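What follows is one structure encoded as structure tokens, with my remarks underneath.
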Amino acid sequence: MASLVDRLRPRWLLLVVAGIAVVLGVAAALAPTIARTIADGGGSDPQRDGPVSSSSETSPSSTPSPTASPSPSESSPAEIAAAAKAAKEAKAAKAAKAAAEEAAAAAAAATPVGYASMNGGTSGGQGAGTVHEYVLSAVAGTYGGAGDALYALLDEHRDRGADEGLVVYVDVTISDENLSESQIDVKEVEHVSILGVGTSGELDGVGITVTRSHDVVIRNLAIHHVDTGEKDAVSITDHSTNVWVDHNELYSDLGVDEDYYDGLVDVKRNSAYVTISSNYIHDHWKTSLVGHDDDPSLAPDKITYAFNHFRNVNTRVPLIRYAHVHVLNNYFDTIATSAINARGGAQVLVEGNYFYRTGSGNEDSHAGQIQGPVGWWYGTDTGGAWNLRDNAFEETAYEHLSSTTDFTVPYTYAALSPEKARTVVLSGAGTGVLNIKP
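Under the numbering used here, the first residue of the sequence shown carries the number 2, and numbering increases by one thereafter.
In structure tokens:
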């Protein structure tokens, strides 16, 4: 009789052979995966959440995660081409937007944007057929001083023909020490440019008043602490048209009574087609006025504020009566009480501005409105209306605001985003930016 071992040997050998076969089969199945792992440097792929998979070889026991992105080898040529096209179009759109923003900023530096571009445009003395140019320091001695020289040149220009222009390059300081008059009068003239040279053009304590004049450019001047004449840094009044106030620095200080100085740039008495752009306007109580009286027959109209930096001022940024006004791409930076005050039926498009710490956030006792970026505060029995479009607010009460009109403007322009506008304003507003040379 065969022993128990002899009887079990065939079954034992069969089990061993079967086991070896299973091991060899598993090894063969895993060979491609092991090979890829070795080729990739070993270990797991940190870019994948699920098991390594391939469109041609997949382990029977591994199923790709439904959230895992397909590898490039799993995309069809059409899908790859579509993805490449979409990426190219997105890149082109981004580049086009950046180019448009840069072009808008460049245009604002070269020619007036807004209402001053209408009604025949605003080019000042340089747009006339015959241009009379003067460097103020070179002629100051002839007239007894720089201030008196500028005043006299403007007075003499009244007798010139309609197609003659005056350009005065201000490269010195004008003050009450060299000016016999109380202010610089741009009066009953047309085609005039008063241009600061570098950072040398300054009016200390003396302002400029534009009266019954047309096509006037005031650029690149520091005008400050004006306590003579009308006490405005720049005043545009009495049916003046097409005036461009650009790249100036206008300021006083807040350490005096709020009525000690008047405005920094005011537009009054039926004046129209005015652009106030790229100015650095700071440290003042009553900043800017559009319309000085509740009488609608005296109302100015068609004013654009663009790319200005308003910093550390109190109110009237601006105050508007009756007029149609575009407030475009300005940076409002620390406004103590209130900013855009729309009264007496004013229509205001407030677009692409960046408001930082603008307004007290308190309720005004006159109309019960929150003092902030836009509203109707103080005086005037009727309020104005505003169209709010793509503005940004930081540390500023604005949740109560909504548009109250659909007013828009009749000219072509390219608005920047509020964030881009702030960058452009911080780098480009004020004096010393323009390359103005005699």
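Note that CB positions come from ideal geometry on N, CA and C, so glycine has one too.
Fair warning: this is a prediction, and the values are worked out from it, not measured in the lab.
Go through its chain and collect everything with a Cβ distance to L290's Cβ below 8 angstroms, but skip five positions before and after it. The beta carbon of L290 sits closer than 8 angstroms to the beta carbons of G264, D267, V268, K269, R317, P319, L320 from its chain, once the five residues preceding and following it are set aside; these are given in chain order.
* Check T143 in the structure and name its three-state DSSP category. => Here T143 sits in helix by DSSP.
W286 versus D260 - alpha carbon distance = A straight-line Cα-Cα distance of about 8 angstroms links W286 and D260.
Q | N-terminal and C-terminal residue of the alpha helix (DSSP H) that K188 is part of | A | Here K188 belongs to no alpha helix (DSSP H); instead the beta strand (DSSP E) covers 185-188.
* Asked: What are the start and end residues of the beta strand (DSSP E) that includes K303?
  -> Here the beta strand (DSSP E) through K303 covers 302-307.
| Residue span of the beta strand (DSSP E) that contains S278, given as start and end | From DSSP, the beta strand (DSSP E) with S278 extends over 273-278.
Answer yes or no: do A308 and V217 have a C-beta to C-beta separation smaller than 8 angstroms? In the sequence as displayed, the identity of residue 308 is Phe instead of Ala. For the 8 angstroms CB-CB criterion, F308 and V217 do not form a contact.
task = Give the range of the alpha helix (DSSP H) segment to which S298 is assigned.
result = S298 -> no alpha helix (DSSP H), and no H or E assigned at all.
Q: Compute the distance between the beta-carbons of G197 and L222, then report whether it is under 8 angstroms.
A: The criterion of a C-beta distance shorter than 8 angstroms is satisfied by G197 and L222.
Jot down the residue ranges of each uninterrupted beta strand (DSSP E) in the region 342-389, minimum 3 residues, whole runs only, in chain order. The qualifying runs are 348-352, 355-359.
Q. When the distance is taken between beta carbons, is N313 closer than 8 angstroms to D284?
A. Judged by beta-carbon spacing, N313 lies within the 8 angstroms limit of D284, meaning their Cβ atoms are closer than that value.
| Okay, do the region 341-354 and the region 382-398 touch, 3+ Cβ pairs below 8 angstroms being the bar? | Taking 8 angstroms as the limit for Cβ pairs, the verdict is that the region 382-398 does touch the region 341-354.
message: I'd like to know whether the C-beta atoms of G208 and V190 end up nearer to each other than 8 angstroms.
response: Not in contact: G208 and V190 (Cβ atoms no closer than 8 angstroms).
Query - Exposed unless 16 or more other CB atoms sit within 10 angstroms - verdict on H226 - result: Counting Cβ neighbours within 10 Å, H226 comes out buried, since at least 16 surround it.
(Q) Pop quiz: N354 and N392 are said to be a contact at Cβ under 8 angstroms. What is the actual Cβ separation, rounded to whole angstroms? (A) Contact holds; Cβ gap of about 5 angstroms.
For my contact list, Y274 and P297 are in at a C-beta cut-off of 8 angstroms; report their separation, rounded to the angstrom.
Approximately 18 angstroms separates the beta-carbon atoms of Y274 and P297; this is outside 8 angstroms, ruling out the contact.
ask   = Touching or not, the region 393-400 and the region 155-164, by the rule of three or more beta carbon pairs under 8 angstroms?
value = No, the region 393-400 does not touch the region 155-164.
Q.
Below 8 angstroms, how does it come out for the region 365-385 and the region 414-422: are there three or more Cβ pairs, yes or no?
A. Verdict: no, contact absent.
Exercise. Going by C-alpha distance, which of S361, H240, L204 is nearest G229?
Worked result: Note on residue identity: the sequence assigns Thr, not Gly, to residue 229. For the residues S361, H240, L204, the minimum Cα distance to T229 belongs to L204.
*asked:* With distance defined between alpha-carbon atoms, name the residue in G256, T210, L151, V244 nearest to H192.
replied: If we check each option's Cα against that of H192, V244 comes out closest.
- Relative to the alpha-carbon of D156, which residue among H240, I185, A129 has its alpha-carbon at the smallest distance? Minimum Cα distance to D156 is reached at I185.
(message) Within the continuous alpha helix (DSSP H) that includes K287, where are the two ends?
(response) Per DSSP, K287 belongs to no alpha helix (DSSP H); it is in the beta strand (DSSP E), 281-287.
Taking the alpha helix (DSSP H) that L427 belongs to, which residues open and close that run?
Segment 419-429, the alpha helix (DSSP H) holding L427.
**Request:** State the CB to CB distance for the pair H327 and A430, rounded to an integer number of angstroms; the pair is presumed to be in contact (CB under 8 angstroms).
**Result:** Wrong, their Cβ atoms sit about 17 angstroms apart, outside the cutoff.
Skipping 5 residues on each side, what residues in its chain have a beta carbon closer than 7 angstroms to that of N436? Contacts found: none.
| query | If you draw a straight line from the alpha carbon of I336 to that of T288, how long is it in whole angstroms? | reply | Annotation: I336 to T288 spans about 10 angstroms, alpha carbon to alpha carbon.
- Reference T112, options V136, A96, I219, T143, closest by Cα: When C-alpha distances from T112 are compared across V136, A96, I219, T143, the shortest belongs to I219.
Item to check | Beta-bridge pairing of T316 - partner residues as DSSP gives them | outcome: T316 pairs with K287.
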